[in-house]
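Chemist: First, the structure itself, so that you have it in front of you.
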Amino acid sequence: MGALLNVDYSDELTRLRAQEIIRYIQRLGLPIKLNKISFEYIADSFYIHYRTPILSSGPSSEEGALWYTFLKSYLSTDIYQEVSKLSRYNYTISRSASVKLLRAYNSLLSRIERGTVQGMREGDERNVQRLMNNQALRQEITNLLRFYMGNIKNLDKIRKNISKILGDDVGKEVADLLFDVDIDPYRARLAKILESLVRILSKIDPYVDEGGIVERIGIPSGVRNLRSFSDLTRVTNLSKAIYLASPSLFAYKLATKSLSVRDYSLDTREKIYLLVDKSGSMFYSVYDGFAMDMTQKITWATALAVALMKHSRKVILRFFDQMVYPQLTNVKEVIKALLKVLPLGGTDITSAVHTAVMDSKTAGLRNYKLIIITDGEDDFVSPEILRQAREAFKEVKTLLIGGSNSVIESELPTIRVDSTDVESLKQVLRNI
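Residue numbers for the sequence shown follow full-length UniProt numbering, beginning at 1 and rising by one.
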């Protein structure tokens with residue numbers, strides 16, 4: 001039996017979740033000896049994170065003594081307190097935390113088998129009292145937990161800050177992705193990028209509005225719900241039919257503003273196609289000859305992209321380096337991509353612009369504005385493809401962050417960005 005009182009181990013959902021964790025471990029190819037870890041332990045490893053756990057007063061059998069001691073030790077650590085802030089009722093993080101916990105337990109089993117845990121004598125793993133009194137064992141458990149769970153102290157704070165600026169959905173995605181990272185220095189680097197991004201967005205958020213929507217006279221553009229009583233002059237034929245058939249239903253729909261009316265509004269916000277350079281050089285900061293700006297160029301570029309997505313009617317974004325990556329169309333996708341991109345060397349601006357030109361021709365993006373965000377570190381930019389871009393889009397502009405490129409500057413309207421601070425971002429938003 002498992003160690004948690006508030007888990008029904010015979011329930012079908014419990015079994016399905018345990019099986020999903022087993023498949024996930026097998027898919028990742030992790031060296032966990034599943035033949036030595038029972039189904040109930042796997043269920044415990046998930047629900048200890050997903051719910052508020054109720055630990056039994058002791059193991060149900062001698063075979064469960066080591067697992068019980070392992071879980072009880074885990075629950076008493078600050079590691080568990082940090083993990084549970086993120087994992088409670090979050091399936092993705094609970095599954096990931098379950099796998100990390102099982103990896104730690106698997107390592108503990110291996111060390112006990114090899115006889116490398118101090119104070120462990122033959123048969124101790126079946127005696128819960130001896131296990132709980134073995135300080136060396138409990139320290140070993142804590143060390144393994146720290147190794148496999150990693151340093152996640154600031155993740156909940158980052159999640160809350162992202163949620164405040166970009167919404168709960170994006171905040172949850174960020175927490176899921178960061179928690180899943182196994183290498184602490186890499187996680188810390190991503191966290192630093194996000195903290196910088198949040199700092200910039202929090203300062204420009206009041207500055208970025210939703211863009212303009214105007215009224216067209218005499219030309220209906222669609223159907224929407226009634227917003228004010230002045231809209232009654234625009235009710236649809238369906239609303240008129242409801243009035244004739246059931247005045248009481250019409251009155252209810254009028255009171256709840258659920259009547260359909262003809263819409264004459266026109267969304268005049270710009271449509272923008274963004275190409276954002278994510279080559280290795282974009283992960284450095286700008287140096288103006290006097291001081292190093294600590295905001296990475298890629299962070300500033302992403303903040304600009306998010307601001308434009310919040311402001312514009314329609315935004316398509318592609319990251320590029322030596323390759324051109326798939327289209328992104330919302331903030332959640334952009335943040336997710338930012339956390340997954342690897343800073344690779346090399347920049348192929350020609351290939352990126354060529355892809356944008358082909359997108360314009362195949363998807364009818366002629367009324368979009370193309371904005372290329374790069375530091376210009378590419379010696380082989382084709383002037384011809386830049387001219388094709390001018391024909392394929394309504395307007396083309398380039399933002400050169402902390403760099404220069406003579407070909408681009410001679411062929412396209414260019415804004416040089418010499419610092420990656422909030423003021424430069426506001427200035428660029430005014431000028432593009």
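For each residue, glycine too, the CB sits at the ideal point set by N, CA and C.
1. Please report how far the alpha carbon of residue 76 lies from the alpha carbon of residue 125, in whole angstroms.
2. Is there contact here, the region 329-349 with the region 231-249, by at least three beta-carbon pairs under 8 Å?
3. The ligand HEM heavy atoms versus the CB of residue 376: any closer than 6 Å?
4. Checking 7 Å against the spacing of the C-beta atoms, do residue 375 and residue 285 come in under that value?
5. Give the DSSP-derived three-state secondary structure of residue 280 in the structure shown.
6. Residue ranges of each alpha helix (DSSP H) run of no fewer than 4 residues wholly in the region 332-411, ordered along the chain?
7. Return the CA-CA distance between residue 298 and residue 92, expressed in angstroms with no decimal places.
8. Which two residues bound the contiguous beta strand (DSSP E) that contains residue 263?
9. Under a three-way DSSP split, which group does residue 225 fall into?
10. If you draw a straight line from the C-alpha of residue 400 to the C-alpha of residue 385, how long is it?
11. Is the beta carbon of residue 392 sitting closer than 7 Å to the one on residue 360?
12. Using three-state DSSP, classify residue 32 as helix, strand or coil.
13. For residue 181, which of helix, strand or coil comes out of DSSP?
14. Straight-line CA distance for residue 79 to residue 164?
15. Name the DSSP bridge partner or partners of residue 296?
16. Express the C-alpha separation of residue 432 and residue 230 in angstroms, rounding to a whole number.
17. Using C-beta distances below 8 Å, list every residue in its chain close to residue 201, excluding the 5 sequence neighbours before and after it, in chain order.
18. Taking the alpha-carbon of residue 277 as reference, which of 18, 309, 318 and 4 has the nearest alpha-carbon?
19. If you drop the 5 nearest sequence neighbours on each side, which residues of the same chain put their C-beta closer than 8 Å to that of residue 260?
20. Compute the distance between the beta-carbons of residue 32 and residue 106, then report whether it is under 7 Å.
21. Given a threshold of 16 other Cβ atoms within 10 Å of its Cβ, counted over all protein chains shown, does residue 4 qualify as buried or as exposed?
22. For residue 324, write down the residues that DSSP places opposite it in a beta bridge.
23. Only counting the same chain, and skipping five residues up and downstream in sequence, which positions put a Cβ closer than 6 Å to that of residue 290?
Modeler: Answer, in terms of the structure:
1. One C-alpha to the other measures close to 20 Å.
2. As far as the Cβ criterion goes, the region 329-349 does not touch the region 231-249, which means the pair count is below three.
3. Of the ligands one can find in the structure shown there are none, so the ligand HEM has no counterpart to examine.
4. Here residue 375 is not near residue 285, since their CB atoms are 7 Å or more apart.
5. In this structure, residue 280 counts as helix in the three-state DSSP scheme.
6. Every unbroken stretch of the alpha helix (DSSP H) spanning 4 or more residues and falling wholly within the region 332-411 is given here in chain order: 349-363, 383-392 and 406-411.
7. When rounded, the distance between both Cα atoms is 27 Å.
8. For residue 263, the enclosing beta strand (DSSP E) stretches over residues 260-263.
9. Residue 225: strand per DSSP, three-state reduction.
10. The alpha-carbon of residue 400 is positioned some 18 Å away from that of residue 385.
11. Between residue 392 and residue 360, the C-beta spacing is below 7 Å.
12. In the displayed model, residue 32 falls within coil according to three-state DSSP, outside both helix and strand.
13. Here residue 181 sits in coil by DSSP.
14. Distance between the alpha carbons of residue 79 and residue 164: 25 Å.
15. Within the DSSP bridge table, the entry for residue 296 names 285 as partners.
16. Computed Cα separation, rounded: 37 Å.
17. Exclusion of the five residues before and after residue 201 leaves 165, 166, 303, 306 and 307 as the residues of its chain whose Cβ lies within less than 8 Å of its Cβ.
18. Nearest of 18, 309, 318 and 4 to residue 277, Cα basis: 318.
19. Closer than 8 Å at Cβ, skipping near neighbours: 223, 224, 225, 226, 235, 236, 238 and 239.
20. At a Cβ-Cβ threshold of 7 Å, residue 32 and residue 106 count as neighbours.
21. The residue is buried, with at least 16 neighbouring Cβ atoms inside 10 Å.
22. Bridge partners of residue 324: 320.
23. Note on residue 290: pLDDT 39, under 50, position unreliable in the model; the coordinate value appears next. Excluding positions up to five away in sequence, the list is empty.
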